[in-house]
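Here's the structure we're looking at; comments come further down.
There are 2 protein chains.
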Amino acid sequence: MHRVKVRVVEDALDANATLAKANRADFDRHGVTVVNLMGAPGAGKTALLEQVIAEGIDGVRIGILEGDVEGSLDADRLARLHVPVTQINTAAGFGGECHLDANMVRSALAAVPLDELDLLVIENVGNLVCPAEFRVGEDARVMVTAITEGEDKPLKYPLMFRACDLVVVNKVDLAPHLDVDLDLLLDRIDKVHPDVETVVVSGRTGQGVDAVRHWLRELHAAKAVVEA
Amino acid sequence: MHRVKVRVVEDALDANATLAKANRADFDRHGVTVVNLMGAPGAGKTALLEQVIAEGIDGVRIGILEGDVEGSLDADRLARLHVPVTQINTAAGFGGECHLDANMVRSALAAVPLDELDLLVIENVGNLVCPAEFRVGEDARVMVTAITEGEDKPLKYPLMFRACDLVVVNKVDLAPHLDVDLDLLLDRIDKVHPDVETVVVSGRTGQGVDAVRHWLRELHAAKAVVEA
Chain A
1 MHRVKVRVVE
11 DALDANATLA
21 KANRADFDRH
31 GVTVVNLMGA
41 PGAGKTALLE
51 QVIAEGIDGV
61 RIGILEGDVE
71 GSLDADRLAR
81 LHVPVTQINT
91 AAGFGGECHL
101 DANMVRSALA
111 AVPLDELDLL
121 VIENVGNLVC
131 PAEFRVGEDA
141 RVMVTAITEG
151 EDKPLKYPLM
161 FRACDLVVVN
171 KVDLAPHLDV
181 DLDLLLDRID
191 KVHPDVETVV
201 VSGRTGQGVD
211 AVRHWLRELH
221 AAKAVVEA
Chain B
1001 MHRVKVRVVE
1011 DALDANATLA
1021 KANRADFDRH
1031 GVTVVNLMGA
1041 PGAGKTALLE
1051 QVIAEGIDGV
1061 RIGILEGDVE
1071 GSLDADRLAR
1081 LHVPVTQINT
1091 AAGFGGECHL
1101 DANMVRSALA
1111 AVPLDELDLL
1121 VIENVGNLVC
1131 PAEFRVGEDA
1141 RVMVTAITEG
1151 EDKPLKYPLM
1161 FRACDLVVVN
1171 KVDLAPHLDV
1181 DLDLLLDRID
1191 KVHPDVETVV
1201 VSGRTGQGVD
1211 AVRHWLRELH
1221 AAKAVVEA
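Read top to bottom, the protein sequences are chains A and B.
Taken in order, the first sequence gives residues 1 to 228; the numbers are from the numbering used here.
Taken in order, the second sequence gives residues 1001 to 1228; the numbers are from the numbering used here.
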C-alpha cells in the first residue's frame, strides 16, 4: 500500500513543480509578488492579514487568495476590508485536501485580478505538515505560529519552520497568562532554521504588525528591482 | 493527476478499513478500550492527557500510543508519569504523513503491552483534516479544540467535529483575555454535530478534567459490559 502511494505522491509532486512554475511565470508577467501564508488552525493568519490590510502598505495593492477545506468565513472577513479576495475550497473538486497545491491555485487564477495587484497573499489551509511540501508559485513563504501553541512546535514540525522565509510569532498579548517561554520558542525556531527572520506580533492589539508590513514592502521592492 | 490520486486514496482507505478491523480485534481480545485523540497542533492534547493521567482513573490502567511526524517530546512528557508510552513517528518509514492510519498503529502494536492495559489513548498527529478520515481500530474518537483557536473552527473543519464522540474545549482559563465567545463556539459545535457531548476544560489548571476522566471510565465500563 505505501509503496504505491509514495510513487504516486512523487508523480504528483513533479506535476506540482511544473504547475508552480507556470503560476510563477503568470505572477512575474504581472509584476505581482506572491506570499504563501501558512500556519496551524487558529494561529491567527486571517487576523494578521486583517491588521496588515486595515492600515495597508504604502504603494502596494494587496489581494488575497483564501484556501479553506470548505466555507468562506475568512474570505468574507477580509472582503470587508475592500481588497480583492478569491476563495479556493479544497472540499469542492479536490477531495478535501489538507493543503493547497499549484493546481488548485492555477484553477483559481482566472478569478484573481492580477493586473490590479502588487502583492497577492495566498492563505493556505491551517496545517503544519503538508502545506510545506507543495510550492504554489510563490516568491516567499511566511508562517504564523501562535505562542499559545507552545514552545515545542519548531521541534515537532521542523519542515514547516525550515520552509519559511519569515516566522511570525503571534498572540504575544497572551504571554503573561501562559506557561510558555517566548525566548525558548525563538531559540528553537533559530535552531531548526538558523537565521530565519522572525517578528513577534499580536494580531489582536496590532503590536508588531508594522514590522510585517515593512517585510512585505521590502519583499515586493526587491522583486521589482530584479525585474526592472 | 487528481483522478489517479483519488483512485489510489480509495484503495488506501479500503486497506485501512481492513487493518483497522484487525487492530480492533486485537484490542477487543485483550479487553482494551481504545480512544483516538485528535486536534490541531497546540490544542493541548498532551497537556490534557498529563492531567488525566496524573490523578488517574480508578480501576483503569492507561497506556499511550503517541503519534508525531518526528521526535518524541510528547512521549517523553507522558512517560514521566509512569504509564506505558509507545512512539510512532510518521517521518520514519511513512513519508512524513500528517495523520496516523491503521497500518502505522498496527506496526506499533507489538511494542504496546495490551495485556497490562484497560485503556489505550492514541494521540494522533496535530491536524484538523486528515486524521478524521482514517480509523485506526478505536472504540471512540475524542477531539481537543482550544478556545484560543477561535469560535469558527467547527464551521471550517466540520468533518473533524462530526467524526468525534466527545469534543473537549480546552484552555478555558484564557477566556477572559480573548475576544472569543465560548457560547457561540459550543453552539457551532452542536450545529455541525448535533447533540455531541462536550466538556469545557483547562489543561493548565485542571478545571473540568474530572468530567473527561468520568467520560473515559464510562466508555471503558460500557465496553466491558458488552464483552462480558
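Just so you know, even glycine gets a beta-carbon here, dropped at the ideal spot from N, CA and C.
Predicted, not measured: the structure shown is a model, and the values here were computed from it.
Within-8 angstroms CB hit, G1067 (chain B) to chain A:
Stepping through the second sequence from its first residue, residue 1067 (chain B) is reached at position 67. No, no contact with chain A.
Please state whether DSSP places E149 (chain A) in a helix, a strand or coil.
Taking the first residue of the first sequence as 1, we reach residue 149 (chain A) at position 149. It is helical.
Pair within 8 angstroms by beta-carbon distance, D118 (chain A) and V32 (chain A):
Position 118 of the first sequence holds residue 118 (chain A). Position 32 of the first sequence holds residue 32 (chain A). Going by C-beta atoms, D118 (chain A) is nearer than 8 angstroms to V32 (chain A).
Exposure label - T145 (chain A); buried when at least 16 CB within 10 Å
As a position in the first sequence, residue 145 (chain A) is number 145, starting the count at 1. T145 (chain A) comes out buried.
Does chain A have any CB closer than 8 angstroms to the CB of R1204 (chain B)?
If you number the second sequence from 1, residue 1204 (chain B) lands on position 204. Judged by the 8 angstroms Cβ criterion, R1204 (chain B) is in contact with chain A.
Complete alpha helix (DSSP H) runs within the segment 1030–1083 of chain B (minimum length 4 residues, chain order)
1045–1055 and 1073–1079
Give the residues of chain B in contact with L49 (chain A), contact being defined as C-beta atoms less than 7 angstroms apart.
As a first step, residue 49 (chain A) is located in the first sequence; it is residue number 49 there, counting from the start. Contact of L49 (chain A) with chain B by beta-carbon distance below 7 angstroms is absent, the smallest such distance being about 14 angstroms.
One question on the structure: do V1085 (chain B) and E1066 (chain B) come within less than 8 angstroms of each other, judged by their Cβ atoms?
Counting from 1 along the second sequence, the entry for residue 1085 (chain B) is found at position 85. Counting from 1 along the second sequence, the entry for residue 1066 (chain B) is found at position 66. Yes, they are a contact pair.
Taking CB distances under 8 angstroms as the criterion, tell me whether L13 (chain A) reaches chain B.
Taking the first residue of the first sequence as position 1, residue 13 (chain A) is located at position 13. Chain B contact via Cβ: absent.
Unbroken beta strand (DSSP E) runs of length 3 or more, entirely within the segment 184–225 of chain A: which are they?
Secondary structure in the segment 184–225 of chain A: the beta strand (DSSP E) runs of 3 residues or longer, each lying completely within the stretch, are 197–200 in chain order.
Verify the CB distance criterion: does G71 (chain A) have a CB-CB separation below 8 angstroms to chain B?
One-based indexing of the first sequence puts residue 71 (chain A) at position 71. At least one chain B Cβ lies under 8 angstroms of G71 (chain A).
So, helix, strand or coil for F1094 (chain B), using DSSP?
Residue numbering aside, residue 1094 (chain B) sits at position 94 when the second sequence is read from its first letter. Note: F1094 (chain B) maps to coil in three-state DSSP.
Name the chain B residues whose beta carbon is nearer than 7 angstroms to that of H244 (chain A)?
Residue 244 (chain A) is absent from the model: chain A starts at 1 and stops at 228.
Between which two residues does the beta strand (DSSP E) harbouring V1172 (chain B) extend?
Here residue 1172 (chain B) corresponds to residue number 172 of the second sequence, with the count starting at 1. Note, V1172 (chain B): premise wrong, no beta strand (DSSP E); not H, not E.
Positions along the segment 137–171 of chain A whose CB lies within less than 8 angstroms of some CB in chain B:
A146, T148, E149, G150, D152, K153, L155, K156, Y157, P158, L159 and K171
Output, in sequence order along the chain, the residues in the segment 111–131 of chain A whose CB is closer than 9 angstroms to any CB in chain B.
V125, G126, N127, L128, V129 and C130
Selected residue, minimal CA-CA separation from L1159 (chain B), among B:A1110, B:V1112 and B:N1127
One-based indexing of the second sequence puts residue 1159 (chain B) at position 159. Of the candidates B:A1110, B:V1112 and B:N1127, B:N1127 places its Cα closest to the Cα of L1159 (chain B).
Backbone secondary structure at N16 (chain A) - three-state DSSP
Here residue 16 (chain A) corresponds to residue number 16 of the first sequence, with the count starting at 1. Three-state DSSP puts N16 (chain A) in a helix.
What residue range does the alpha helix (DSSP H) around L114 (chain A) cover?
For this step, residue 114 (chain A) is matched to residue 114 along the first sequence. L114 (chain A) -> no alpha helix (DSSP H), and no H or E assigned at all.
Since V136 (chain A) contacts D101 (chain A) with CB under 8 angstroms, what's their CB separation in whole angstroms?
In the first sequence, counting from the first residue as 1, residue 136 (chain A) sits at position 136. In the first sequence, counting from the first residue as 1, residue 101 (chain A) sits at position 101. Yes, they are in contact, since the Cβ atoms of V136 (chain A) and D101 (chain A) sit about 7 angstroms apart, within 8 angstroms.
Element boundaries [alpha helix (DSSP H), containing L1120 (chain B)]:
Numbered from 1 along the second sequence, position 120 holds the residue referred to as residue 1120 (chain B). First-last for L1120 (chain B): L1119 to E1123, but that is the beta strand (DSSP E), not the alpha helix (DSSP H).
With a cut-off of 8 angstroms, does the C-beta of E194 (chain A) fall near any C-beta of chain B?
Against the first sequence, residue 194 (chain A) aligns to sequence position 194. One detail in the question is off: residue 194 (chain A) reads as Pro in this sequence, not Glu. No, because no Cβ of chain B sits closer than 8 angstroms to the Cβ of P194 (chain A).
Below 9 angstroms on C-beta distance, what does G1096 (chain B) contact in chain A?
By 1-based counting over the second sequence, the position of residue 1096 (chain B) is 96. The contacting residues are V129, C130, E133 and L159.
C-beta neighbour in chain A for G1208 (chain B), strict 8 angstroms:
On the second sequence, position 208 is the one that residue 1208 (chain B) refers to. It does not: the Cβ of G1208 (chain B) has no partner Cβ on chain A nearer than 8 angstroms.
Is L178 (chain A) helix, strand or coil when you go by DSSP?
In the first sequence, counting from the first residue as 1, residue 178 (chain A) sits at position 178. Three-state DSSP puts L178 (chain A) in coil, outside helix and strand.
According to DSSP, is V1085 (chain B) helix, strand or coil?
The residue you call residue 1085 (chain B) lines up with position 85 of the second sequence. Residue state, collapsed to three classes: strand.
Could you tell me whether the Cβ of A92 (chain A) comes closer than 8 angstroms to any Cβ of chain B?
Indexing the first sequence from 1 puts residue 92 (chain A) at position 92. In terms of beta-carbon proximity, A92 (chain A) stays away from the interface with chain B, with every pair separated by 8 angstroms or more.
If you count every other CB in all the chains shown that lies within 10 Å of the CB of R29 (chain A), and 16 or more means buried, which is it?
Taking the first residue of the first sequence as position 1, residue 29 (chain A) is located at position 29. Exposed is the call here.
Could you pull out every residue in the same chain whose Cβ sits closer than 6 angstroms to the Cβ of A75 (chain A), ignoring the five residues on either side in sequence?
Residue 75 (chain A) sits at position 75 when you count from the first residue of the first sequence. For A75 (chain A), where only same-chain residues beyond five positions count, the Cβ hits under 6 angstroms are E66, V85 and Q87.
Look at the alpha carbon of M1 (chain A) and the alpha carbon of M104 (chain A), and state the distance between them as a whole number of angstroms.
To locate residue 1 (chain A), count along the first sequence from 1; it is residue 1. To locate residue 104 (chain A), count along the first sequence from 1; it is residue 104. Caution is warranted here: a pLDDT of 34 is assigned to M1 (chain A), below 50, making its placement in the model unreliable, and the coordinate value is therefore given only provisionally. Approximately 26 angstroms between the Cα atoms of the pair.
Within 10 angstroms of its Cβ, does E55 (chain A) collect 16 or more other Cβ (buried), or is it exposed?
Translated into the one-based positions of the first sequence, residue 55 (chain A) becomes position 55. Exposed, by the Cβ-count rule.
Under the three-state DSSP convention, the category R1106 (chain B) falls into:
On the second sequence, residue 1106 (chain B) is found 106 positions in, with the first residue counted as 1. Helix, per DSSP.
As assigned by DSSP and simplified to three states, the class of R135 (chain A)
Sequence index remark: in the first sequence, residue 135 (chain A) carries index 135 (1-based). Of the three classes helix, strand and coil, the one that applies to R135 (chain A) here is coil, per DSSP.
With 16 other CB atoms within 10 Å as the buried threshold, where does K1191 (chain B) fall?
On the second sequence, position 191 is the one that residue 1191 (chain B) refers to. Exposed.
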